[in-house]
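Chains A and B are the protein sequences, given in the same order.
Just so you know, the first sequence maps onto residues 1 to 221 in the working numbering.
Just so you know, the second sequence maps onto residues 1 to 649 in the working numbering.
What follows is one structure encoded as structure tokens, with my remarks underneath.
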Amino acid sequence: MVKITVDDRELEVEEHLTVLEACIQNGIFIPNLCFLKTRHHPHASCRLCFVSIEGYDRPVTSCTERVRDGMVVKTNTPEVRALQKSAFKLLMSLHPCHPKICPTEKPCLLMRIAKHIGVGLNPKPLEHIDRGLPDLVDFGPLYYVPNRCVLCAKCIHTCRTINQMPLLTFAKRGIMTMVAYFDGEQNTSICANCNACVDVCPVAALLPKSAFTSSVESRKA
Amino acid sequence: MGEGRKDIEDRYKALKNKVQEELEKEKGDGIPTIRVTMSTCARAAGAEETQKVIEDTVASLDVTARVIPVGCLGHCYAEPLIIVEHPQTGFPPICYHSVNAGKARLIVQSYIKDADPAFEYVMGAMEDNELIPPVTTFPRFGFEERIVMAHCGRINPWDIREYIALGGYSALVKALTLEPEVIIDEVERSGLRGRGGAGFPAGRKWRLGRTQKADRKVVICNADEGDPGAYMDRTIIESNPHQLLEGIAICAYAVGADTAIIYVRAEYPLAVKTIGHAIKEAETYGFLGNNILGSDFSLSVRIFQGSGAFVCGEETALIQSIEGRRGMPQHRPPYPVERGVWGRPTIVNNVKTLSYVPSIINQGADWFRSIGTEKSPGTAIFSIVGNVKHPGLVEIAMGTTLRTLIFDICGGIANKKAFKAVQIGGPSGGCLSDAFLDTPIDFDSLTQAGAMMGSGGMVVMDEDSCMVDVARYFLDFTQKESCGKCTFCRIGTKHLLDILDRITKGEGQEEDLTILENLARDIKQGSLCGLGKTAPNPVITSLRYFFDEYVAHVREKRCPALKCRSLTAYYIDLDKCARGCEACVGSCPVEAIFTTKGRKKAIDQSKCVKCGECMTACPKEYDAVRKVSPPSLAPIIERPHEEKVKEGA
Numbered sequence: 001m002v003k004i005t006v007d008d009r010e011l012e013v014e015e016h017l018t019v020l021e022a023c024i025q026n027g028i029f030i031p032n033l034c035f036l037k038t039r040h041h042p043h044a045s046c047r048l049c050f051v052s053i054e055g056y057d058r059p060v061t062s063c064t065e066r067v068r069d070g071m072v073v074k075t076n077t078p079e080v081r082a083l084q085k086s087a088f089k090l091l092m093s094l095h096p097c098h099p100k101i102c103p104t105e106k107p108c109l110l111m112r113i114a115k116h117i118g119v120g121l122n123p124k125p126l127e128h129i130d131r132g133l134p135d136l137v138d139f140g141p142l143y144y145v146p147n148r149c150v151l152c153a154k155c156i157h158t159c160r161t162i163n164q165m166p167l168l169t170f171a172k173r174g175i176m177t178m179v180a181y182f183d184g185e186q187n188t189s190i191c192a193n194c195n196a197c198v199d200v201c202p203v204a205a206l207l208p209k210s211a212f213t214s215s216v217e218s219r220k221a
Numbered sequence: 001m002g003e004g005r006k007d008i009e010d011r012y013k014a015l016k017n018k019v020q021e022e023l024e025k026e027k028g029d030g031i032p033t034i035r036v037t038m039s040t041c042a043r044a045a046g047a048e049e050t051q052k053v054i055e056d057t058v059a060s061l062d063v064t065a066r067v068i069p070v071g072c073l074g075h076c077y078a079e080p081l082i083i084v085e086h087p088q089t090g091f092p093p094i095c096y097h098s099v100n101a102g103k104a105r106l107i108v109q110s111y112i113k114d115a116d117p118a119f120e121y122v123m124g125a126m127e128d129n130e131l132i133p134p135v136t137t138f139p140r141f142g143f144e145e146r147i148v149m150a151h152c153g154r155i156n157p158w159d160i161r162e163y164i165a166l167g168g169y170s171a172l173v174k175a176l177t178l179e180p181e182v183i184i185d186e187v188e189r190s191g192l193r194g195r196g197g198a199g200f201p202a203g204r205k206w207r208l209g210r211t212q213k214a215d216r217k218v219v220i221c222n223a224d225e226g227d228p229g230a231y232m233d234r235t236i237i238e239s240n241p242h243q244l245l246e247g248i249a250i251c252a253y254a255v256g257a258d259t260a261i262i263y264v265r266a267e268y269p270l271a272v273k274t275i276g277h278a279i280k281e282a283e284t285y286g287f288l289g290n291n292i293l294g295s296d297f298s299l300s301v302r303i304f305q306g307s308g309a310f311v312c313g314e315e316t317a318l319i320q321s322i323e324g325r326r327g328m329p330q331h332r333p334p335y336p337v338e339r340g341v342w343g344r345p346t347i348v349n350n351v352k353t354l355s356y357v358p359s360i361i362n363q364g365a366d367w368f369r370s371i372g373t374e375k376s377p378g379t380a381i382f383s384i385v386g387n388v389k390h391p392g393l394v395e396i397a398m399g400t401t402l403r404t405l406i407f408d409i410c411g412g413i414a415n416k417k418a419f420k421a422v423q424i425g426g427p428s429g430g431c432l433s434d435a436f437l438d439t440p441i442d443f444d445s446l447t448q449a450g451a452m453m454g455s456g457g458m459v460v461m462d463e464d465s466c467m468v469d470v471a472r473y474f475l476d477f478t479q480k481e482s483c484g485k486c487t488f489c490r491i492g493t494k495h496l497l498d499i500l501d502r503i504t505k506g507e508g509q510e511e512d513l514t515i516l517e518n519l520a521r522d523i524k525q526g527s528l529c530g531l532g533k534t535a536p537n538p539v540i541t542s543l544r545y546f547f548d549e550y551v552a553h554v555r556e557k558r559c560p561a562l563k564c565r566s567l568t569a570y571y572i573d574l575d576k577c578a579r580g581c582e583a584c585v586g587s588c589p590v591e592a593i594f595t596t597k598g599r600k601k602a603i604d605q606s607k608c609v610k611c612g613e614c615m616t617a618c619p620k621e622y623d624a625v626r627k628v629s630p631p632s633l634a635p636i637i638e639r640p641h642e643e644k645v646k647e648g649a
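This is the structure:
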């Protein structure tokens, strides 16, 4: 066990933890989208979990820093918030927020983060980017909603861990990067009974087809 | 070690003697030798045809001459080059430039057959002599200090014997007789810094690799050169592959690796072929493979062809790609040197870094330190492109100023234009203005100026370049090449690009400048890997050094360099336009030019697509076409009524 201080609170935590894990265990919320306990190596892609640590000249991602005895962590300095807001606005410039039709349980993780760091759910002053992607992509038994996806890769990791083979992967580059599905009969049968990716998705970018049709119908009605 | 050491040295000496004898024999009694540069740049300039013509002419004239392909001399502006040795004439080896098929035929006829060196085509002599001015008196040759490129363009990359005859692989022989720690000490003392861009001390990396406890370690040579306008690694591989292999072997011996992988872009087919051939040759001669030169050190070298992703030059993404995954950077630590490809400790070095190693081992750390600056010893290799007179590959001592490099070595700006900016370090580097011309070229000075050494790409721009447009160009590149993993790089660069796009189209708002600055700063701080962290550099530096250009675009809707299409217009100066001349009319692809009432020409602004063809077509004596920015400066001349009627009919 080591002692660390987070926002003037003293915590005693296990040594092998990352700062993010230690904070989560102790009920301190740090915005994050791509953190998964089962990942051995932090994905570190959402760039939201910044904290400032004494001795470092700039904020660092807390999912990649291991705790050390005597570490002094601040989760809400202006520098930290500035980076978090910037990253959040970037994400929101691709993610159209329509709370009424979004099947996530409210408040969703994005809403929670927005409230925590004190910004709205719009990308202002940035403009919304329309990538010309389809609303839905057919993933066998699932639908993928590329415009909602924040590319946290939780689905890809979970799918690989559970099925011991890749059914989901990244495709394309740059702003067009999206999740893709290895189509095939065998995959479809594995996929139909799993839903692990759907459960782990923080923004409802993956939906079982059955659930989706019912929600569409209910909206129509 | 004592016995083994002598064995290795004797074995090498015998081999070198044998090779030298063979080469002497092939040279015969004064048979002329014609060396033709056959690297990618030369082939693009027509070297294959030149070589064929030379061979055909030699055959048809019934003379004897050996035609040997060589790599690149670095003088890409003068390709294809040939170097002719004709010992019987008493002339030194002579270099001819821009040798097309016709020149090739003439040179063979007059020099090889009639012993007259065709002076009108001579570039210079390759050695000091009293008959022909040597090339070393040219600034392009004279200012250079060559270590890595010493033999480039002079030896046949397809024949290992030429490299051995010049003492090649002797550094490996020397290394094999030393303890690995001694080699690492020497490299560390030499102060050699990684030439891939970051400038991490190579010796320290090797030592970290050495201290890793693992059965198997891997050395990776990073030849995934992706910067637009950079071609140093390609040229070095195509010109002197064995020097690189020797460096790789020494590195592998020093760190204790048994496998080496050369990660080279598939877009470099000639480099892939050259290095593949070189590996086979080196194995045949016992410099690679099992029990190298009879020692107990073995090394297998493989080639891995990258499939064209810029981000795969980043070491963690490169390793992912070798393992068969999508090339996406991973968070470090663990560093590759701790856990790299297939979980083994992996030492990743750039082509240039490894190519320095043989010279350092042979000539010592002190010699290496005597070149360059205190903190950046050795030389820098730049591929210089853009608006300079003599573009190409240059190797200069570190600490040389940008002014010397651009104006003395590369002959200054082409077409009598003025210097405006230089982009160093490719899309990750920065644009420096003329205020930085006296900056010495070394890792730290360039970083301080906001640019970076990068891998050594340098784009020189003249007064006609619009810096907003240049920043937009580089952002367009990084945005497309982002792997899409982290938020800042994936989405942030796209926003930067969109804003720059708006500004170059004249739709920029005042607050866009603030957003640009803040977003660029956040991307630099927040991104996961080196690509993202450096991607906004062109924006940051151009905002810092060319802010007035941004202001002109945003506030006055004016492009000072007259580059941005939406912000410029062409018109015809009626005082200069000549009656009866129709040159511009024929050149216009959209029929925007009409005849005025005064029988002169004018441009219909609503039709003009601003291609500039009319400006090129207008005869020099008239010089009547003007380009202006903002477009409102162009006088609007109504199309005469009758023409409208004609059109309608």
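Yeah, the Cβ is synthetic: ideal placement off N, Cα and C, and Gly gets one too.
In the DSSP secondary-structure assignment, E85 (chain B) is bridged to B:T33. Burial state of K103 (chain B) is buried, judged by a 10 Å Cβ sphere holding 16 or more other Cβ atoms.
Checking the DSSP bridge columns, you'll see A624 (chain B) has no partner listed. Beta bridge pairing from DSSP links L206 (chain A) with A:Y144. Inter-residue distance for S60 (chain B) and G425 (chain B) is about 49 Å (C-alpha atoms, whole angstroms).
If one requires a minimum length of 3 residues, the beta strand (DSSP E) runs lying completely within the segment 269-347 of chain B are 300-306, in chain order. Contact note: D159 (chain B) does not reach chain A at a C-beta cutoff of 9 Å; the least C-beta distance is about 41 Å. In this model, K600 (chain B) and D575 (chain B) are separated by some 9 Å (Cα to Cα). Separation of Q51 (chain B) and L354 (chain B) (C-alpha to C-alpha, rounded to the nearest whole angstrom) is 31 Å. Per DSSP, the continuous alpha helix (DSSP H) segment holding N537 (chain B) begins and ends at 537-545. Relative to the Cα of H40 (chain A), the nearest Cα in the group A:V2, A:T18, A:P134 belongs to A:T18.
Listed by position along chain B, the residues whose Cβ is nearer than 7 Å to that of I175 (chain A) are Q479, R490, I491, K494. Chain-order list of chain B residues neighbouring R9 (chain A): empty, with the shortest C-beta distance near 26 Å, by a criterion of under 7 Å.
Here K3 (chain A) is bridged, per DSSP, to A:E12.
Interface with chain B (7 Å Cβ-Cβ cutoff): A87 (chain A) is included.
Within the segment 48-63 of chain A, L48, F50, R58, P59, T61, C63 place their CB atoms closer than 9 Å to a CB of chain B, listed in sequence order. Our two residues, L131 (chain B) and G378 (chain B), have alpha carbons roughly 34 Å apart in a direct line. Membership of R140 (chain B) in the alpha helix (DSSP H) is indicated by the continuous run 139-142. Under the Cβ distance rule, R326 (chain B) counts among the residues neighbouring chain A, one pair being separated by less than 7 Å. Taken through DSSP and simplified to helix, strand or coil, D138 (chain A) comes out as strand. Taken in chain order, the complete alpha helix (DSSP H) segments of 4 residues or longer contained in the segment 490-537 of chain B are 493-504, 510-526, 530-534. In the DSSP annotation of this structure, the continuous segment of the beta strand (DSSP E) that includes S52 (chain A) starts and ends at 50-53. Going by DSSP, I261 (chain B) is part of the beta strand (DSSP E) stretching over 259-265. Counting only runs of 4+ residues, the alpha helix (DSSP H) found wholly inside the segment 39-92 of chain A occupies 78-92, in chain order.
For I409 (chain B) against V394 (chain B), the beta-carbon gap comes to about 6 Å, under 8 Å, which counts as contact. Within chain B, the residues placing a beta-carbon under 8 Å from that of T169 (chain A) are R326, ordered along the chain.
The Cβ-Cβ distance between S428 (chain B) and G457 (chain B) does not fall below 7 Å.
In this structure the segment 544-556 of chain B touches the segment 509-517 of chain B; the number of beta carbon pairs closer than 8 Å is three or more. Residues I117 of the same chain have their beta carbon placed closer than 7 Å to that of R81 (chain A), with the five preceding and five following residues left out of the count. In summary, the residues of the segment 502-516 of chain B whose CB is separated from some CB of chain A by less than 8 Å are E511, I515, in the order they occur in the chain. The C-alpha of M461 (chain B) is placed about 49 Å away from the C-alpha of R160 (chain A). Taking C-alpha positions only, E549 (chain B) is separated from S433 (chain B) by approximately 12 Å.
According to the DSSP assignment, A153 (chain A) belongs to no alpha helix (DSSP H), since it is labelled neither H nor E.
For K485 (chain B), the chain A residues whose Cβ falls inside 9 Å of its Cβ are H43, A44, S45, L151, A153, F170, T177, in order along the chain. The beta carbon of G526 (chain B) sits closer than 7 Å to some beta carbon of chain A. Contact check for L151 (chain A) against L206 (chain A) fails: the beta carbons are separated by 7 Å or more.
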